[in-house]
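In this text, residue positions in the sequence shown follow the numbering used here: the first is 381, and each later residue adds one. Where is the CB? At the ideal position from N, CA and C, for every residue including glycine.
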Amino acid sequence: MSIKKKILIIDDEVFLANVLSEQLAQEGYVCDIAGDGREGLEKSLSINPDLIILDLIMPVMDGFTMIERLRADNRGKKIPVIVLSNINNAKTVEEMRSKGAQEYLVKVNNSLTDIVAAVSKLLK
Ligand SMILES: [Mg+2]
381 MSIKKKILII
391 DDEVFLANVL
401 SEQLAQEGYV
411 CDIAGDGREG
421 LEKSLSINPD
431 LIILDLIMPV
441 MDGFTMIERL
451 RADNRGKKIP
461 VIVLSNINNA
471 KTVEEMRSKG
481 AQEYLVKVNN
491 SLTDIVAAVS
501 KLLK
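Next up, the structure:
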């Protein structure tokens, strides 16, 4: 048996984070949740997840700032990041890719199954 991959979900939408966490757990991943960017950054650097799912609009610290700080730290340079946001415009997608996000998913356009598929694609 392989060691379970750890996924950190950083999102202030508690319901979405919980549902996504349960879905990923069913697929065999170990999940943790952070409710804002600062908590997400702290957890990223301490638990060293195999992948991060990152919302953009959040209290305390938004996802734009969080990924900048993550990529500025040696411990966070290589952790794959999937942005999962309601923001749907090419400029923001490009901005997040230039900040180091591997994938960008718009919430309303992607089902839980789509999100899980994007996770497993990045982790295989
Ligand atoms: Mg949000």
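Less than 7 Å separating the beta-carbons of residue i and residue j?
i	j	result
L425	R455	yes
L388	P439	no
L485	Q403	no
E393	V496	no
D416	M441	yes
Q400	L503	Note that residue 400 corresponds to Leu in the displayed sequence, not to Gln. Cβ distance not < 7 Å, so L400 and L503 don't count as in contact.
A414	I390	yes
Quick one: is residue i buried, meaning 16 or more other Cβ sit within 10 Å of its Cβ, or exposed?
i	result
D453	exposed
E422	exposed
K474	Per the sequence shown, residue 474 should be read as Glu rather than Lys. Label assigned to E474: exposed.
A470	exposed
I383	exposed
I459	buried
Under the criterion of a Cβ to heavy atom distance below 6 Å, does residue i qualify as lining ligand 1?
i	result
D325	Given that the chain is displayed from residue 381 to residue 504, the structure contains no residue 325 and the question cannot be resolved.
Any heavy atom of ligand 3 within a distance shorter than 6 Å of the CB on residue i?
i	result
I437	In the structure on display, ligand 3 does not appear, and the ligands it does have are ligand 1.
Using 8 Å for Cβ pairs, my map puts residue i next to residue j. What's the rounded Cβ distance?
i	j	result
K487	L464	6 Å
L436	I467	6 Å
Three or more C-beta pairs below 8 Å linking the segment 445 to 454 and the segment 467 to 479: yes
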